[in-house]
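2 protein chains.
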Amino acid sequence: MTPSTQPFAQWLVDRARHVEAVLDEQMPGADDGPARLHDAMRYAVLGGGKRVRAALVYAAGVACHAQAPSKAVDSSLDRAACAVELIHAYSLVHDDLPCMDNDVLRRGQPTVHVKYDEATAMLAGDALQPLAFELLAEMPIAPALVVQAIQLLARASGSQGMAGGQAIDLQSVGSALSRDELQTMHSMKTGAMLEASVALGGVVAGASSATRDALEGYAQAMGLAFQVVDDILDVTADSASLGKTPGKDAAENKPTYVSLLGLEAAREFAEALRQAALESLAPLGPQALRLRELADFIVLRDR
Amino acid sequence: MTPSTQPFAQWLVDRARHVEAVLDEQMPGADDGPARLHDAMRYAVLGGGKRVRAALVYAAGVACHAQAPSKAVDSSLDRAACAVELIHAYSLVHDDLPCMDNDVLRRGQPTVHVKYDEATAMLAGDALQPLAFELLAEMPIAPALVVQAIQLLARASGSQGMAGGQAIDLQSVGSALSRDELQTMHSMKTGAMLEASVALGGVVAGASSATRDALEGYAQAMGLAFQVVDDILDVTADSASLGKTPGKDAAENKPTYVSLLGLEAAREFAEALRQAALESLAPLGPQALRLRELADFIVLRDR
């Protein structure tokens, strides 16, 4: 991937379209076996979204190997970007089920269990997980790096990452979490996969140990900032710009950064995290442009 | 793993106990994060079962490397055995949920969603999947072999393997499947993971291409035999020896090998598959003893 000179907004749309095309190509179709299941998997994964996680993979990748782009790395970044989007998609499908959040709409469309049925939605989510690991296992880079990438994704999505965060979230409804507890829950539920996206870009592009550290500092700050801004948007945005029902968390008495800190302090916290993320990137120089722009995009989307 | 001279029944119990101990050690506990989720995961995985899949991993491993046992291979076989049991356990947890089979008992104990709740059961299953891939990714053997093992497990458990077979099974209730369709469904739903278990043992032990072919022939025959015998047991066994309600498939009008072929022809078919499996093992010589014994065990358990 040669560093592009596109304006950020155009780059982001371009990356989203690109990963959508790769997902479309990599996912099994109706002719490849269980047609209804494959339909449901494609419905769950394809059809848009900002693809922030995929963008983080690409941005981290370009920050590490802009001097020596290679086809193997580019194609591996594609697979890694698909993998994080597949895991994200599976988590949404299961999260929307009646036994979890019982949501009937996502991005204005019927959720998978509404469009198909509960059993198919569950199996579609179940089958998206191994597909993510399969795509990573097929990356045409050094097997030792492939193994590292798989470890990263497995840990980020498992019981001490995303799935664990969802479990804590479930039990937190109506309870008074401390700021530390809230932070732990979000760093697992949302932060772990955002951090893994950045780390995967670095691993695939063969980042040095110092570069990986810089990426990790950036990713930890951004993972948290993402959730703080989500909480702000939940109380400030209207339904149209949010793409989901605003005020839902507050109505369900879920603890949020806004309920805990107040709106203004939450905004200051998000801004401090953005600054911390940018400082972590300093050693990477101009190649980290897309990562800086993503930090601005994630934090400033509430303005 | 040195080839043992234990009688088969003792070897099988020993392997089941061993993999149970390794699972217990490898699985996160209540102190490692979300306590209720980790409890549910342990409840789903630990506490017995014949561990046929783990036994297939070990039996294939010992068939390939009995001359030169190594600690790295032994510890990798342990991880591979855990991985197939984790995937099997997750599939049972999700299968038992109300939106699937709605089973309240498994091995005489309350199913996970009865003991905990539906959301926790779903998340426990979700989190067992990445744990399986994480254990494979940690195997201390050549990274290229680790990657092959992960590909095997991902394909066997995904939409063109186990999860896909479950989707086809769901849609087959009350419909008249042909023998070919029934075979496709079972080879995906049950066969794929049994075959992967055998193949994993071979990959981890560094099997040659010829040995892998022999293992594959064995595994395909045994994967199918396993289901044919399951169908036979569903009509011939009593509840106590079966560990679940007999006649359930027939009552739900699910197509089975018995309903399709009749009891006697189903028994002949299982025996023919056992013979085919044993023939495939011929090139492996005496080291394949445990695989031969497992073939007998799987097919002759209906007598």
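Protein chains in written order, with this note's numbering: chain A, 94 to 396; chain B, 94 to 396. Where is the CB? At the ideal position from N, CA and C, for every residue including glycine.
For the set A/F101, A/H279, A/P100, A/Y136, the Cα lying nearest the Cα of A/L116 is the one of A/Y136.
Restricting attention to B/V351, B/S302, B/G316, B/L308, the CA atom closest to the CA of B/D324 is found in B/V351.
A/D327 counts as buried, since no fewer than 16 other beta carbons sit within 10 angstroms of its beta carbon.
Not a single CB atom of chain B sits nearer than 9 Å to the CB of A/S168. Residue state for A/Q313 is assigned as helix, using DSSP reduced to three classes. The shortest CA-to-CA distance from B/V291 to any of B/P236, B/A217, B/A249 is the one to B/A249.
Under the Cβ distance rule, B/H131 counts among the residues neighbouring chain A, one pair being separated by less than 9 Å. In this structure, A/R146 places its C-beta atom within 9 Å of the C-beta atom of A/E178.
Between A/A256 and B/A225, the alpha-carbon positions lie close to 14 Å from each other. A/Y183: member of the alpha helix (DSSP H) spanning 164-188, first to last residue. In the DSSP assignment, A/A298 falls outside any alpha helix (DSSP H), carrying neither H nor E. Listed in chain order, the alpha helix (DSSP H) elements of length 4 or more contained wholly in the region 196-282 of chain A are 205-208, 211-230, 236-250, 255-265, 272-279.
A distance of 9 Å or more separates the beta carbons of B/H187 and B/A298. Along the region 237-255 of chain B, going in chain order, the ones with a CB nearer than 7 Å to a CB of chain A are A237, V239, V240, I243, Q244, A247, R248, S250, G251, S252, Q253. With a threshold of 16 other beta carbon atoms within 10 Å, B/Q253 meets it and is buried.
Between B/G251 and A/A220, the gap from beta carbon to beta carbon is short of 9 Å. Here B/P223 is buried. Its C-beta has 16 or more other C-beta atoms within 10 Å. Below the 9 Å Cβ cutoff, chain A contributes no neighbours of B/I325, its closest Cβ being approximately 26 Å away.
Counted as a single uninterrupted DSSP element, the alpha helix (DSSP H) harbouring A/G154 occupies residues 145-158.
DSSP places B/R360 in the uninterrupted alpha helix (DSSP H) bounded by 356-373. Remark: C-beta atoms of B/M215 and A/L190 approach each other more closely than 9 Å. When the alpha-carbon of B/A359 is set against those of B/V322, B/L377, B/T283, B/P121, the nearest one is in B/V322.
Residue B/K347 holds the alpha-carbon nearest to the alpha-carbon of B/S268 among B/K347, B/G284, B/S169.
A/Q320 sits close to A/G284, with the two beta carbons spaced by under 9 Å. The closest CA to that of B/S265, considering only B/L229, B/G218, B/T349, B/N195, is found on B/T349.
The residues L190, A214, in chain order, have a CB closer than 6 Å to that of A/H206 in the same chain once the five nearest residues on each side in sequence are set aside. The three-state reading of DSSP puts A/L105 in helix, counting H, G and I together. Under the Cβ criterion of 9 Å, B/M215 is counted among the residues facing chain A. Annotation: the continuous alpha helix (DSSP H) that includes A/A388 extends over 382-393. Per DSSP, reduced to three states, the secondary structure at B/A330 is coil, with no helix or strand assignment. The DSSP-derived three-state label of A/D125 is helix. For B/P233, the CB contacts under 7 Å within the same chain, skipping 5 residues up- and downstream, are A165, S168, S169 in chain order. In this structure the region 269-278 of chain B does not touch the region 234-244 of chain B; the number of beta carbon pairs closer than 8 Å is below three. Distances from the alpha-carbon of B/I180 to those of B/L139, B/F101, B/V197, B/A156 put B/L139 closest. Each of B/R367, B/M286, B/L356 was checked against the Cα of B/A176, and the nearest Cα belongs to B/M286. Looking at the backbone, the Cα of A/P100 and that of A/A300 are separated by about 25 Å.
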